[in-house]
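The block underneath contains the structure these notes are about, expressed in structure tokens.
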Amino acid sequence: MPIYAYICSSCGLQKDVMQKLSDAPLTTCPECGKETLAKQLTAAGFQLKGSGYYATDFKNGGQAKPKSEPEPACAPCASAATCPIASSDA
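What follows is the structure, encoded as structure tokens:
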């Protein structure tokens with residue numbers, strides 16, 4: 006069940022409430038009794054960082070695939086399309 010943050014605009018009460026997704030939002034403040042309780046917008050409580058979150062990440066025997074970088078063009082050449090070294094690799 007997710008935890009929702011509420012704040013009352015009348016008395017300033019801040020409260021975290023564990024509710025089901027299907028539950029209606031609370032509107033009555035338990036402190037002052039007014040209908041000024043509102044749900045706050047909050048950030049997610051988790052972050053996905055690093056590799057290993059996709060099915061294709063561990064196809065190489067348990068190791069993540071290294072990221073390949075494009076070959077740079079030669080210094081005298083303007084681009085890889087006009088480079089004789091880059092075109093001979095194809």
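To convert, take the position in the sequence shown, counting from 1, and add 5; that gives the working numbering. Yeah, the Cβ is synthetic: ideal placement off N, Cα and C, and Gly gets one too.
In angstroms with no decimal places, state the Cα-to-Cα distance between residue i and residue j.
i	j	result
Cys-13	Met-6	22 Å
Ala-29	Met-23	12 Å
Gln-19	Lys-25	19 Å
Cys-37	Leu-31	14 Å
Based on the DSSP output, what are the partners of residue i in its beta bridges?
i	result
Met-6	DSSP, once it has assigned bridges, lists no residue as partnering Met-6.
Cys-13	Leu-42
Lys-20	Tyr-11
Quick one: residues in its chain with C-beta nearer than 8 Å to the C-beta of residue i, no 5 flanking neighbours on either side, listed in chain order?
i	result
Thr-33	Lys-39, Glu-40 and Leu-42
Gly-17	none
Using only CA atoms, which one of the options lies nearest to residue i?
i	options	result
Ser-27	Tyr-9, Phe-51, Pro-35 and Cys-16	Tyr-9
Lys-44	Asp-21, Pro-35 and Cys-16	Asp-21
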